[in-house]
Amino acid sequence: DAKTTQPTSMDCAEGRAANLPCNHSTISGNEYVYWYRQIHSQGPQYIIHGLKNNETNEMASLIITEDRKSSTLILPHATLRDTAVYYCIVLNAGGTSYGKLTFGQGTILTVHP
Amino acid sequence: NAGVTQTPKFRVLKTGQSMTLLCAQDMNHEYMYWYRQDPGMGLRLIHYSVGEGTTAKGEVPDGYNVSRLKKQNFLLGLESAAPSQTSVYFCASSNSLGYNEQFFGPGTRLTVL
């Protein structure tokens, strides 16, 4: 599975959009980009995933560059409850991966009042 | 739906003692996983199961055993606890089609003295 690079920490003002970048320059054609977050002391929470098209759901939007070497998770109107560690994970959705997620260090997002 | 539940929430063991952590899910998911999370680190996969009666090793399986006798339950056992197993343990489940979209439990905080 491709390695990912994320900033260690980011800040965002409440009500503003939070844009969290992820680099995955070694991603291969059949690997998806997944985003999870972990609010303090809780289990991780799935947010969104995509292959090459931009994706949007009720939580966030995922923008993947045309060369697929990087992506950005967008929380359109961040709230204090969005303060969490955000993990970008790249993996093959098929074969023998069987959902073996690998969590790196992630980005600590702090939303300020 | 309760989702994924874990029992117990907290436990303190002495070195050499044994214990079993219970994970239960009510979503009829095929796949279940056990992760551990050490301070300041991401989650690491211990064992996983792709169906009732099956188990497989993850990234850090040594010192742990698992069983999946019923579809809804996934047990993690420590036969002889060691201080290095002090960690927060998370269970997760997913269905067979979206196995990278995992639902996590609240975690069990285990301390081995």
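Sequence lines, in order, name chains A and B. When you line the first sequence up against the numbering used here, it's residues 1194 to 1306, in that order. When you line the second sequence up against the numbering used here, it's residues 4 to 116, in that order. For glycine and all other residues, C-beta sits at the position ideal for the given N, C-alpha and C. Since this is a predicted model, take the numbers as computed values, not measurements.
Measure the CB-CB distance between residue i and residue j and report whether it falls below 8 Å.
i	j	result
Y38 of chain B	A95 of chain B	yes
Y67 of chain B	I49 of chain B	yes
G108 of chain B	T23 of chain B	no
C1205 of chain A	S1263 of chain A	no
T1303 of chain A	T1276 of chain A	yes
L113 of chain B	L25 of chain B	no
T1265 of chain A	L1213 of chain A	yes
Y51 of chain B	Q105 of chain B	no
S99 of chain B	Q40 of chain B	no
W1228 of chain A	I1241 of chain A	yes
Q28 of chain B	T111 of chain B	no
Anything in chain A within Cβ reach of residue i, meaning under 7 Å, just list it in chain order.
i	result
P42 of chain B	Simply none; closest approach about 12 Å.
E33 of chain B	Residues of chain A passing the Cβ test: none, with the nearest at roughly 10 Å.
Please list, in chain order, the chain B residues whose beta carbon lies closer than 8 Å to that of residue i.
i	result
P1306 of chain A	Near P1306 of chain A there are no residues of chain B at all, since even the closest Cβ is about 26 Å away, more than 8 Å.
L1284 of chain A	N103
Along chain A, in chain order, which residues have C-beta atoms closer than 9 Å to that of residue i?
i	result
E55 of chain B	None at all; the shortest Cβ gap to chain A is about 15 Å.
Identify the contact partners of residue i in chain B, using a Cβ-Cβ distance below 7 Å as the criterion.
i	result
L1255 of chain A	What L1255 of chain A touches in chain B: nothing, since even the nearest Cβ is about 13 Å away.
G1222 of chain A	Those do not exist, as G1222 of chain A stays about 17 Å from chain B at its closest Cβ, beyond 7 Å.
Q1235 of chain A	P109
Between which two residues does the beta strand (DSSP E) carrying residue i extend?
i	result
D1204 of chain A	S1202 to A1206
R112 of chain B	T111 to V115
Y51 of chain B	L46 to S52
G1243 of chain A	Q1238 to G1243
A27 of chain B	M22 to Q28
T57 of chain B	Taken as a continuous stretch (DSSP letters only), T57 of chain B belongs to no beta strand (DSSP E), as it is neither H nor E.
K1214 of chain A	The question names Lys, but residue 1214 of chain A is Pro in the sequence shown. It spans A1211 to N1216 - the beta strand (DSSP E) in which P1214 of chain A sits, taken as one unbroken run.
G1 of chain B	Residue 1 of chain B is absent from the model: chain B starts at 4 and stops at 116.
F93 of chain B	S90 to S97
H1305 of chain A	T1300 to H1305
Quick one: list the residues of chain A neighbouring residue i, beta-carbon separation under 8 Å, in chain order.
i	result
Q75 of chain B	In chain order: nothing, as chain A lies at least about 17 Å away.
L48 of chain B	K1293, L1294 and T1295
Cβ closer than 9 Å: which chain B residues qualify as neighbours of residue i?
i	result
Q1298 of chain A	G43, M44 and G45
My guess is that residue i and residue j are in contact by the Cβ rule of under 8 Å, so how many angstroms apart are they, rounded?
i	j	result
G1297 of chain A	G45 of chain B	5 Å
H32 of chain B	S97 of chain B	6 Å
A1253 of chain A	I1232 of chain A	Contact flag wrong, Cβ pair sits at about 14 Å.
L1273 of chain A	E1207 of chain A	6 Å
E55 of chain B	R71 of chain B	6 Å
- Task: Return the residues of the region 1240-1251 of chain A that lie within a Cβ-Cβ distance of less than 9 Å from chain B, sorted by chain order.
- Result: Listed by position, the residues of the region 1240-1251 of chain A near chain B (Cβ gap below 9 Å) are H1242.
- Message: Short of 9 Å Cβ to Cβ, which residues in the region 1258-1280 of chain A face chain D?
- Response: The structure shown contains no chain D; the protein chains it does contain are A and B.
- Query: For the region 18-29 of chain B, which residues have a beta carbon sitting closer than 8 Å to at least one beta carbon of chain A?
  - Reply: Here the close residues number zero.
- According to a CB-to-CB cut-off of less than 9 Å, which residues of the region 67-97 of chain B neighbour chain A? If the cut-off is 9 Å between Cβ atoms, the region 67-97 of chain B has V91, F93, C94, A95 and S97 near chain A.
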